[in-house]
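Visitor: Structure below; questions to follow.
Residue numbers (full-length UniProt numbering): 1 to 1095.
See the structure below:
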């Protein structure tokens, strides 16, 4: 381990240290320094540290060198052209105002264009800084030039040339690393992590002792695997955008990014995420958690058979993962072909395919046999241990399918390595290369994401949707506009008629809308805003340089080298202001350290070239560690920029002040630029990471909702499989991009200084919950495409209920994050909706099992039973994840509670109350977790008696004060205990059906002797007749005699008592309340409610 750490340290530190040493020699050896630039040779070290620092692969270093030289030459050309025109103007009049205006305007325009290019095309970040540095230094240093000379160009050209070539040559000689080689190693490491995670998952699932369960090791391995898998797309982009000379092209190894991501999704959604215990834990206290009932011992034989099949699949998967790793290592790194061949790959592929086929068939037979032997009085066919094992086996099937494709890919890689010769692979898609993130590291210690902006993906999608909606609105507005104008056009031939005829023509209107859209996009463009901030700051800070000759401002600028103030401003200014305070403080710290170190070096060396070289080389080790290995690379960069202008001008005799004065002036000039950039970032169009994070989370929830709706349309047969797959793939990429943007925003959000507390922990949990929801939907798609259609078509109403509940919860959470408003206290119970749907599926399975033997064999021959059981397990995990998401949202934004606090006489009785599960609270099924203590007491058996007496007193008092409204208190919901079940939801009945039902209820009420006559509605002056078959509200309130004498609270207490009596036999998702939607379905009371439990 120590040896690997030492090697990593040398690989990261040695190239920049060696480059710094050579650059220092070019400066201190005076013959070479005169050739490198007579007056500004010390800029060689500054340009090297700012723009060409070795920080990656050879391809990225070539990119830095080429772009830096190109943009540096462009900056030198523009600045020299401006100086030439300035000299021409000064020939007529010395120190003409227009002559000083030319370089000022040129510098401002260069700053504007460079900043816009940097924000628009992140690949040009370093190049845009290079052109600004060269232009600012050249224009301010040659402002007083009288004639043009070659030195005006060459004084900056030589430092720029050597500063770019020295690190490139060192990177090619000392520990050369290519992006393709890094990508290959990361892919192999990710496959190794996937193999270890799969082995740990198997051990956790079948662990025989809970104490020895390696759950912590599994969590650690999953975290490591997910971290490595997320780095692969960025490394692949570097491979695609670099020159390479090798046997195997990037196209052959690019598919492994998708393979690793698919493995990540599969290994993230094992059944071990839903429980924390093993399959064989026989502790009675954990039987409810496992879902094992008293008759679970009868299923042990089935479990053992399933374990044997899973073990075979598990071993085949581990062998395939090992084969893929060995082939990649052989073909791309080791290049030793004696270990494995193409025939070995084909053989392993056949073994894996055969294992999957056999296990799928045997598993189907085992499950059918177990369900056929199921006792007739069994309450449910969905047993927890069978669902869990079925889902785990389906996960293995999905992993096996990915590995079959991986084996095909490595076979192609090995064949290409054996047959092809080395050739040059060029980068493709030049525009995509420009828009890709730069390969340098920013001040947060990570590579910039998107368009050098944390919200690039979100902004792009938002603008796309905005333009879509705008086009629809514009078409509607144009239709109304044309109708209004038609009368004027028909009024006769007039000037106004001809003007309107031309002005409202479709082509003209289209051009008008395009121009308006362009102005709107320019006004709200973040690239324009950043360019304006950069140009305005550069112009203001450089104004003293362009004041009249020998004015106090101009003398102060030249004596103190104010150009460092301008350079530090545009170098520090960032498009994102997420961590402006702390990043600015770190940069100020680097400035102070650099100034102090430069003064100390001057005092120690006393002008000795050997001493200066030794001290600068020693400092370069610290700089390399800060830039390449620490979390604050900005400190090292600013430190490296500050001390060279203090040390080298004294040695070269180009400084006109003492060492201490130089250190002081350089330090506070750079500090002024940093402080100015901080103030501009904070006061002018600031970027608030917290606000943008909540918007990005809302965007992610919206895309996840869209993902689920696409999957639901495909399941219900609304869309075709091909169309839904295309939409699903696009939306899945959008979801992952939104989640990546959320994760990226967490770092600047954490570094922000804020008076308001920042719940970063809850934000991280929210991202994890959304990621888990997204992964579960991907797994659900795999299962739904293979599930039996009988469990979809014949229980369509229950599936629609569950879809409605899920979408409503998604919408409420999305709205809470978008507008930062509280959630409603009552939401549809996801557990109840899921319970109803699984009960219907359960009834369908019982119906199949109760058929004749031939019919049973025929129906179950193509029935993939393990997919039906897997769907139940996935949906349970999905509901659990969404409940966690709701809990986090309520913690962040609160909820609009009906009951805020307990009455004063009941607060003391709530100390020992057990909190009920979220799905068992609420009323009429709308119960996604009210947390009010009053609601808990209403559903608690300990308080039912007192609440009943209190409710009766309230009812009696209200009846005396308002006798006309007494019938309202006697109303009981249709699904309450004691009332006859409705065959249909009244919200979906037609008028004629309502009329027939009203007449039938009226006849029933006449026969009911115990029913009291309702008082007339004295507040209404209308007739009590039923007008055109529409029933009155009074008539709808009439129910059976057993329900008219009890209040809603009494009936809720009755249902709670009934629930508590059967709680020992129910699963954690059971609920006696009923979820109501506006879909047309049978009431849940009329279905077989006894088969609603999931085991």
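We put the CB at the ideal spot given by N, CA and C, even for glycine.
Cβ of residue 368 within 9 Å of Cβ of residue 865?
Guide: Looking up residue 368 in the chain shown gives position 368. Looking up residue 865 in the chain shown gives position 865. Contact: yes.
Visitor: Determine the burial state of residue 137: buried for a count of at least 16 other Cβ atoms within 10 Å of its Cβ, exposed for fewer.
Guide: By one-based count along the chain shown, residue 137 stands at place 137. So residue 137 ends up on the buried side.
Visitor: To the nearest angstrom, how far is it from the Cα of residue 14 to the Cα of residue 20?
Guide: Here residue 14 refers to the residue found at position 14 of the chain shown. Here residue 20 refers to the residue found at position 20 of the chain shown. Whole-angstrom Cα-Cα distance: 10 Å.
Visitor: Which of the three DSSP states is assigned to residue 811 in this structure?
Guide: Reading the chain shown from its first residue, position 811 is the one you call residue 811. If DSSP states are grouped into helix, strand and coil, residue 811 belongs with the helices.
Visitor: With a CB to CB cut of under 8 Å and the five nearest residues on each side skipped, what residues in its chain are close to residue 41?
Guide: Position 41 of the chain shown, counted from the start, is the residue given in the question as residue 41. Excluding residues within five positions, the ones whose Cβ falls inside 8 Å are 26, 27, 33, 34, 158, 159, 648 and 652.
Visitor: Who does residue 423 pair with in a DSSP beta bridge?
Guide: Position 423 of the chain shown, counted from the first residue, corresponds to residue 423. Its beta-bridge partners are 246.
Visitor: Thinking just about the alpha-carbon of each residue, which of 7, 12 and 151 is nearest to the one in residue 1101?
Guide: There is no way to answer for residue 1101, as the model of the chain reaches only from 1 to 1095.
Visitor: Bridge partners of residue 896, per DSSP?
Guide: Position 896 of the chain shown, counted from the start, is the residue given in the question as residue 896. Note: residue 896 sits in a beta bridge opposite 824.
Visitor: Contact check, residue 120 vs residue 385 under 8 Å by CB: the rounded distance?
Guide: Here residue 120 corresponds to residue number 120 of the chain shown, with the count starting at 1. Here residue 385 corresponds to residue number 385 of the chain shown, with the count starting at 1. With 8 Å as the limit, residue 120 and residue 385 do not qualify as a contact, their Cβ atoms being about 56 Å apart.
Visitor: Going along the chain, which unbroken runs of the alpha helix (DSSP H) with 4 or more residues stay wholly within the segment 327-370?
Guide: With a minimum length of 4 residues, no continuous alpha helix (DSSP H) run stays inside the segment 327-370.
Visitor: Helix, strand or coil, according to DSSP, for residue 527 in the structure here?
Guide: Within the chain shown, residue 527 is the residue found at index 527, counting from 1. In this structure, residue 527 counts as helix in the three-state DSSP scheme.
Visitor: Would you call the segment 261-268 in contact with the segment 389-403, where contact means no fewer than 3 C-beta pairs closer than 8 Å?
Guide: Contact between the segment 261-268 and the segment 389-403 is present, because at least three Cβ pairs lie under 8 Å.
Visitor: When the distance is taken between beta carbons, is residue 763 closer than 9 Å to residue 776?
Guide: As a first step, residue 776 is located in the chain shown; it is residue number 776 there, counting from the start. As a first step, residue 763 is located in the chain shown; it is residue number 763 there, counting from the start. No. Outside cutoff.
Visitor: Ends of the alpha helix (DSSP H) at residue 157?
Guide: Counting from 1 along the chain shown, the entry for residue 157 is found at position 157. Run containing residue 157: 150-173, per the alpha helix (DSSP H) assignment.
Visitor: From this set, 503, 598, 574 and 356, which residue's C-alpha is nearest residue 661's C-alpha?
Guide: Numbered from its first residue, the chain shown carries residue 661 at position 661. Closest by alpha carbon: 598.
Visitor: Consult DSSP for residue 716 and reduce its assignment to one of helix, strand or coil.
Guide: Taking the chain shown and counting its residues from 1, one reaches residue 716 at position 716. In this structure, residue 716 counts as coil in the three-state DSSP scheme.
Visitor: Alpha carbon to alpha carbon, how far is residue 188 from residue 8? Give it in angstroms, no decimals.
Guide: By 1-based counting over the chain shown, the position of residue 8 is 8. By 1-based counting over the chain shown, the position of residue 188 is 188. Distance between the alpha carbons of residue 8 and residue 188 is about 18 Å.
Visitor: Only counting the same chain, and skipping five residues up and downstream in sequence, which positions put a Cβ closer than 8 Å to that of residue 735?
Guide: Within the chain shown, the letter at position 735 stands for residue 735. Excluding sequence neighbours, residue 735 sits near 700, 703, 704, 707 and 774.
Visitor: Could you spell out where the alpha helix (DSSP H) holding residue 64 opens and where it closes?
Guide: Taking the chain shown and counting its residues from 1, one reaches residue 64 at position 64. Where residue 64 is concerned, the enclosing alpha helix (DSSP H) stretches over 58-92.
Visitor: How close, in whole Å, do the beta carbons of residue 200 and residue 221 come, if the pair is a contact with beta carbons under 8 Å?
Guide: What you label residue 200 is simply residue 200 of the chain shown in a count that begins at 1. What you label residue 221 is simply residue 221 of the chain shown in a count that begins at 1. The Cβ separation is near 5 Å, so the contact holds.
Visitor: Do you know whose CA, among 816, 885 and 884, lies nearest residue 893's CA?
Guide: Numbered from its first residue, the chain shown carries residue 893 at position 893. Closest option to residue 893, Cα to Cα, is 816.
Visitor: Cutting at 7 Å between CB atoms, please list the residues of its own chain near residue 1101, excluding the five before and the five after it.
Guide: Only positions 1 to 1095 of the chain appear in this structure, which leaves residue 1101 out of reach.
Visitor: Step through the CB atoms of chain C and report whether any lies within less than 9 Å of the CB of residue 828.
Guide: In summary, chain C is missing from the structure at hand, where a single protein chain is found.
Visitor: Are residue 107 and residue 195 close, meaning C-beta to C-beta below 9 Å?
Guide: The residue labelled residue 107 in the question sits at position 107 within the chain shown. The residue labelled residue 195 in the question sits at position 195 within the chain shown. Not closer than 9 Å, so no.
Visitor: Could you check the C-alpha separation between residue 595 and residue 254 for me, to the nearest Å?
Guide: Here residue 595 refers to the residue found at position 595 of the chain shown. Here residue 254 refers to the residue found at position 254 of the chain shown. Rounded to whole angstroms, residue 595 to residue 254 spans 47 Å at the Cα level.
Visitor: At which residues does the alpha helix (DSSP H) containing residue 262 begin and terminate?
Guide: Here residue 262 refers to the residue found at position 262 when the chain shown is read from its first residue. From DSSP, the alpha helix (DSSP H) with residue 262 extends over 255-268.
Visitor: Between residue 808 and the rest of its own chain, which residues show a CB-CB distance below 8 Å, the 5 nearest in sequence each way excluded?
Guide: Translated into the one-based positions of the chain shown, residue 808 becomes position 808. Result list for residue 808: 827 and 828, in chain order.
Visitor: Take residue 304 and list the residues in its own chain whose beta-carbon comes closer than 7 Å to its own, dropping the five residues that flank it on each side.
Guide: The residue labelled residue 304 in the question sits at position 304 within the chain shown. No residues qualify anywhere along the chain.
Visitor: Using the beta-carbon count (16 or more within 10 Å), is residue 71 buried or exposed?
Guide: In the chain shown, the residue the question calls residue 71 occupies position 71. When all chains shown are included, residue 71 counts as buried.
Visitor: Shortest alpha-carbon distance to residue 22 belongs to which of 613, 393, 66 and 627?
Guide: Residue numbering aside, residue 22 sits at position 22 when the chain shown is read from its first letter. Selected option, being the one with the closest Cα: 613.
Visitor: Between which two residues does the alpha helix (DSSP H) holding residue 685 run?
Guide: Locating residue 685 in the chain shown gives position 685, counting from the first residue. It is not in any alpha helix (DSSP H) - residue 685 carries neither H nor E in the DSSP assignment.
Visitor: Consult DSSP for residue 39 and reduce its assignment to one of helix, strand or coil.
Guide: Locating residue 39 in the chain shown gives position 39, counting from the first residue. Residue 39 falls in the coil class under three-state DSSP.
Visitor: So for residue 238, helix, strand or coil by DSSP?
Guide: By 1-based counting over the chain shown, the position of residue 238 is 238. Reduced to three states, the DSSP call for residue 238 is helix.
Visitor: Tell me which residues share the same chain as residue 616 and place their Cβ nearer than 6 Å to its Cβ, disregarding the 5 neighbours each side in the sequence.
Guide: On the chain shown, residue 616 is found 616 positions in, with the first residue counted as 1. Only 24 meet the Cβ criterion.
Visitor: Roughly how many angstroms lie between the CA atoms of residue 689 and residue 752, to the nearest whole one?
Guide: The residue labelled residue 689 in the question sits at position 689 within the chain shown. The residue labelled residue 752 in the question sits at position 752 within the chain shown. Taking the straight line joining both Cα atoms gives about 8 Å.
Visitor: Kindly indicate the opening and closing residues of the alpha helix (DSSP H) around residue 1115.
Guide: Lying outside 1 to 1095, the shown extent of the chain, residue 1115 is not represented and no answer is given.
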